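One structure is given here, and the rest of the page talks about it.
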Amino acid sequence: MSTPHITAKEGDFAKTVLMPGDPLRAKFIAEHYLEDAVLVNNVRGIQGYTGYYKGKRVSVMASGMGQPSIGIYSYELYHFYGVESIIRVGSCGAFDRDLHVKDLVIAMGACTNGNYASQYRLPGTFCPIADFGLVRDAVELCEKKGVRYKVGNIFSSDTFYNDSSDGMEWAKMGVLGVEMESAALYCNAARAGKKALCICTVSDSFVYPEENASAEERQTSFTAMMEIALELA
């Protein structure tokens, strides 16, 4: 079996896939956390690995940046490779004053300025949400491990460089931060009858810009998020 974007064979992916945006973060997770990790996809440098974490079979594959990109990869994993759960492990910019760099955001819902859900031709506005069981279990693991976190809405933006706004208007509605993928992932999961969750590490803050993380820190130091996601798998 193969798709236009994944050359893995049937059965190469585990039932749960961790999905960072960055291929190098996928490689880091595979090399540092998975036993017997095997590269099962590398089309366009989108690295996917399958191995074992504490005896449980787990996969990790990059999504690339933006809703169109994660929309493609998550759709193919859900529909053609039998994947049941995708856990996005990404970074976000924080709008909330209670969040600091390296805190976690557990995205219960995803607002967006994108048009991804229009394909479903719904007579209204669809609200993309995470799987409650995954949200609940992620919260319990954060509490157990003493990891700082906040649960709530996240904003999936189709623009990184926005000519008219920095996005902070969303903060007045309680939205915790901004990233670029979760809404499409949640839409795909809902349509496929599968599970999805986005856990983001705060890499940048609109409130405390002096705390912002470097590119290398984003790639390798967000270990609390990675370990929570692996425990969920």
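Residue numbers (numbering that gives the first Met the number 0): 0 to 232. Just so it is clear, CB atoms sit at the ideal spot from N, CA and C, and this is done for glycine as well. These numbers come from a predicted model, not from an experiment.
Helix, strand or coil at residue i [DSSP, three-state]
{"i": "Y80", "result": "coil"}
{"i": "C248", "result": "One cannot answer for residue 248 here, as it falls past the ends of the chain, which runs 0 to 232."}
{"i": "S163", "result": "coil"}
{"i": "N187", "result": "helix"}
{"i": "L23", "result": "helix"}
{"i": "Y148", "result": "strand"}
{"i": "E30", "result": "helix"}
Residue i burial status per 10 Å Cβ neighbour count (16 or more: buried)
{"i": "V37", "result": "exposed"}
{"i": "Q118", "result": "exposed"}
{"i": "T15", "result": "buried"}
{"i": "G145", "result": "exposed"}
{"i": "G44", "result": "exposed"}
Own chain residues within Cβ distance below 6 Å of residue i, not counting five before or after
{"i": "C141", "result": "Y148"}
Residue i - containing alpha helix (DSSP H), residue span
{"i": "G54", "result": "No alpha helix (DSSP H) contains G54, which DSSP labels as neither H nor E."}
{"i": "G132", "result": "131 to 144"}
{"i": "I45", "result": "Looking at the DSSP string, I45 is not in any alpha helix (DSSP H), and its letter there is neither H nor E."}
{"i": "T222", "result": "222 to 231"}
Continuous beta strand (DSSP E) stretch holding residue i: start and end
{"i": "T200", "result": "194 to 204"}
{"i": "V174", "result": "Neither: V174 is in no beta strand (DSSP E) and is coded neither H nor E."}
{"i": "G65", "result": "Careful: G65 lies outside any beta strand (DSSP E) and carries neither H nor E."}
{"i": "V104", "result": "103 to 111"}
7 Å CB neighbourhood of residue i in its chain, flanking five on each side removed
{"i": "E230", "result": "L140"}
{"i": "G50", "result": "A29, L33, E34, D35, A36, V37, V57"}
Residue from the options whose Cα sits closest to the Cα of residue i
{"i": "A183", "options": "L196, F205, P3", "result": "L196"}
{"i": "A188", "options": "C199, Y115, Y207", "result": "Y115"}
{"i": "C91", "options": "V174, A191, S1", "result": "V174"}
{"i": "L133", "options": "I105, F12, T158, E168", "result": "I105"}
{"i": "V59", "options": "P22, E209, F94, G113", "result": "P22"}
{"i": "M18", "options": "S84, R190, N211", "result": "S84"}
{"i": "V39", "options": "M64, T2, I71", "result": "T2"}
{"i": "F205", "options": "M224, A170, E75", "result": "A170"}
CB contact below 8 Å: residue i versus chain B
{"i": "G44", "result": "As a matter of chain content, chain B is missing from the structure shown, which is built from one protein chain."}
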